[in-house]
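Going by the working numbering, the first residue of the sequence shown is number 1191, and it counts up by one from there.
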Amino acid sequence: MYTRCYETLPKGGVLVNGDFIKPDGTDWEYEPGRFAIDHHLELLRNAGFSNPRSLAHFEPNIEDPKGHENYACMFAMR
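In structure tokens, the structure reads:
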């Protein structure tokens, strides 16, 4: 998905993505497709984005997470 976004955005374009994540420090088994923030940032770099970063981690809960918790906002520039 990030590669397609990179290909679509013009040079200087900005990608802001909000997604559910697997928070650091948890042993909880999440549904497939939830990645740690570091993995999202690695995928963004591999797609060609420069200086990707996480802007915020919302509703962190590693002890007893609910499906609506643990989401983050990632930012990257083409």
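We put the beta carbon where it would ideally sit given N, CA and C, even for glycine.
- What is the C-beta distance between Ala1162 and Cys1263, in whole angstroms, given that I count them as a contact (C-beta under 8 Å)? The structure shown has nothing for residue 1162, since the chain only spans 1191 to 1268.
- Query: Quick one: what does DSSP say Arg1268 is sitting in, helix, strand or coil?
  - Reply: For this step, residue 1268 is matched to residue 78 along the sequence shown. Coil.
- Give the DSSP bridge partners of Ile1211, in chain order. Along the sequence shown, read from residue 1 onward, the residue named residue 1211 stands at position 21. Paired residue(s): Phe1225.
- Query: Under three-state DSSP, which class holds His1247?
  - Reply: On the sequence shown, residue 1247 is found 57 positions in, with the first residue counted as 1. Of the three classes helix, strand and coil, the one that applies to His1247 here is strand, per DSSP.
- Query: Any idea if Asn1260 is buried or exposed, counting beta-carbon neighbours within 10 angstroms, 16 or more meaning buried?
  - Reply: By 1-based counting over the sequence shown, the position of residue 1260 is 70. Buried, by the Cβ-count rule.
- Message: Which of the three DSSP states is assigned to Tyr1196 in this structure?
- Response: As a first step, residue 1196 is located in the sequence shown; it is residue number 6 there, counting from the start. It is helical.
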